[in-house]
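Per my numbering, the very first residue in the sequence shown carries number 111; after that it's consecutive. Backbone N, C-alpha and C fix where the C-beta goes; we use that ideal spot for every residue, glycine too. None of the values given here were measured: they were computed from a predicted structure.
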Amino acid sequence: MKNCQPLAILNGAIVTADGEYSCRTISLQEARDLVQDAPEIVSAVGHEATAELLTELFNRKICFNRINFQQAAGQDALVFKLNRRSPEGVVLTKAEIEKIGYQFQLLSRIS
Numbered sequence: 111m112k113n114c115q116p117l118a119i120l121n122g123a124i125v126t127a128d129g130e131y132s133c134r135t136i137s138l139q140e141a142r143d144l145v146q147d148a149p150e151i152v153s154a155v156g157h158e159a160t161a162e163l164l165t166e167l168f169n170r171k172i173c174f175n176r177i178n179f180q181q182a183a184g185q186d187a188l189v190f191k192l193n194r195r196s197p198e199g200v201v202l203t204k205a206e207i208e209k210i211g212y213q214f215q216l217l218s219r220i221s
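What follows is the structure, given as structure tokens:
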């Protein structure tokens with residue numbers, strides 16, 4: 111049965127609610143497929159340059175959206191993860207994000 115919940119997009123792997131989770135690294139192509147196949151997306155990307163980069167990578171609008179998100183049981187989240195942590199208080203540009211590098215993870219809330 112296909113998951114009918116919106117695909118969440120997060121700019122960090124964070125457990126937002128009690129439950130059992132699964133998290134695994136995925137390729138850029140797998141991330142693109144997830145976004146392309148998602149009938150609905152809820153963005154919890156709280157960094158504007160990250161939202162712009164994701165919009166370009168996925169050819170689908172990913173909004174800058176600083177919300178308190180709670181992942182529901184059975185819901186998947188696509189996580190954008192920087193390859194290293196930025197210094198405290200630094201707001202990265204899109205070019206700086208690309209220089210640091212990044213990867214994607216699929217965070218699934220099982221229960």
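query                                                                                                                             : result
Taking Cβ positions, are phenylalanine 168 and valine 145 nearer each other than 7 Å?                                             : yes
May I have the straight-line CA-CA distance separating lysine 265 from glutamate 166, to the nearest angstrom?                    : Residue numbering for the chain in the displayed model covers 111 to 221; residue 265 lies beyond these limits and cannot be assessed.
Report the three-state DSSP secondary structure of arginine 142 (helix, strand or coil).                                          : helix
Out of curiosity, what's the CA-to-CA distance linking serine 221 and alanine 187?                                                : 14 Å
Please tell me whether alanine 182 and glutamine 139 are closer than 7 Å, where the distance is taken between their beta carbons. : no
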